[in-house]
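Numbering (the numbering used here), first residue to last: 2 to 389.
Quick notes on the structure that follows.
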Ligand SMILES: Cc1cc2nc3c(=O)[nH]c(=O)nc-3n(C[C@H](O)[C@H](O)[C@H](O)COP(=O)(O)OP(=O)(O)OC[C@H]3O[C@@H](n4cnc5c(N)ncnc54)[C@H](O)[C@@H]3O)c2cc1C
């Protein structure tokens, strides 16, 4: 076993995957999570093959397959007419091309899988209700203050999310910034769903200044719905129950075939201010490193935020098992930042394209249809086919 001990702040997807990846390489860690218990409700997560392969290498394949839905395709449709624009084939061909399937999961299910793996590994200590306050570097390590106690580690990993506290210890780290967009999220029990609402694949409905993503989770028993609109709402820390009337005013009810099906349903919506952290800031300072949203929170248009956190964890653990801490963290930053910055920018561009209106939208749809789903998917090979 490599004789270093690592502190991790945050038990989200980034923190838990980092702990598991380190343990996989024989490195012990302590995870500090400020929440007294871990409960993630009401939302789905698309786990693309680049991230799925990492979970599989950690021995989580059976657990993931039990919880996931494997969609046959991602269908792009016009939000106005509901007509198909293109269909990106996934299913068996995704596993063949990228070495792992494209999985649709409920966040709570993924979190339980990771949490159980963490609890079953005696190299990981998980402390709930433990808020990391500050971290300071010493000559040969770091000191973390958590509530009233202090802990010493060889390295500190800040996986404390988009509003990271610990990033203040990393000179040059990018601050969080509201993006001027909100995401509205809900789930629909399958029995309540309108019969013609697409629910077996990932469906993306493109509208002016908005788009809707619909996909199944929990073995198809729940349909996850995300609506992203252009909206300056809240400060950069807001997430709250949302009044769907505010949401549906943004859409033309008569012309949006699938969207109008959603307006009549009595659903609990949560409204999130989408916040970005520019990926080209500093991620590392000496023995402290940022991972996941703390380093590079991105817009959800490519469904890659959690996937990048999972890749971060994998690379970070490998580098820490191969080199002294400060060198390893520098290598981690050098290896990860170019790729994540490219994905971060591509997600932004995708947002602009998704939200076009009028003649520009017509031209977009014609172009995408002409390219076709299979070729379009190949444009994402560099994302899904990545190997560390
Ligand atoms: C609408 C939407 C849809 C998305 N869909 C996808 C998708 O389909 N696929 C995908 O890959 N990504 C998706 N993402 C992105 C993904 O959700 C995030 O990138 C990912 O969850 C970030 O994980 P994280 O662990 O870095 O941060 P978080 O999940 O925010 O976890 C941070 C953790 O740290 C804890 N914490 C905070 N401060 C402290 C402290 N001081 N001390 C101790 N603990 C602390 C918090 O309580 C929390 O548990 C989506 C995002 C949005 C908004």
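Ideal placement from N, C-alpha and C gives every residue a C-beta, glycine not left out.
query	result
Is any heavy atom of ligand 1 found at a distance shorter than 8 Å from the C-beta of residue 152?	no
When every heavy atom of ligand 3 is checked, does at least one fall within less than 8 Å of the C-beta of residue 35?	You won't find ligand 3 in this model; what it holds is ligand 1.
Can the beta-carbon of residue 224 be found less than 9 Å from the beta-carbon of residue 191?	yes
Comparing C-alpha positions only, which one of 78, 91 and 356 sits nearest to residue 206?	78
Where residue 13 and residue 293 are concerned, what is the direct C-alpha to C-alpha distance, given to the nearest angstrom?	9 Å
Would you kindly work out how many angstroms separate the C-alpha atoms of residue 227 and residue 213, rounded to a whole number?	6 Å
In this structure, does DSSP put residue 1 in helix, strand or coil?	For the chain, the structure presents residues 2 to 389; residue 1 sits outside this window and is missing.
Any contact of the region 107-118 with the region 72-87, i.e. 3+ C-beta pairs under 8 Å?	no
To the nearest angstrom, report how far apart residue 197 and residue 83 are at their CA atoms.	11 Å
Curious, which full-length beta strand (DSSP E) runs of at least 3 residues does the region 131-172 contain?	133-138, 143-147, 150-154 and 156-159
Please confirm whether any heavy atom of ligand 1 lies closer than 8 Å to the CB of residue 132.	yes
Does the Cβ of residue 361 lie closer than 8 Å to at least one heavy atom of ligand 1?	no
Would you check if there are 3 or more beta carbon pairs closer than 8 Å linking the region 262-281 to the region 312-332?	no
Among the residues of its own chain, which have a CB less than 6 Å from the CB of residue 16, if the five just before and after it don't count?	9, 32 and 160
Counting pairs of beta carbons, one from the region 83-96 and one from the region 19-39, are three or more of them closer than 8 Å?	no
Which residue from 288, 314 and 130 puts its Cα closest to that of residue 140?	288
Beta-carbon within less than 6 Å of residue 37's beta-carbon, same chain only, minus the 5 sequence neighbours each way: which residues are those?	129 and 130
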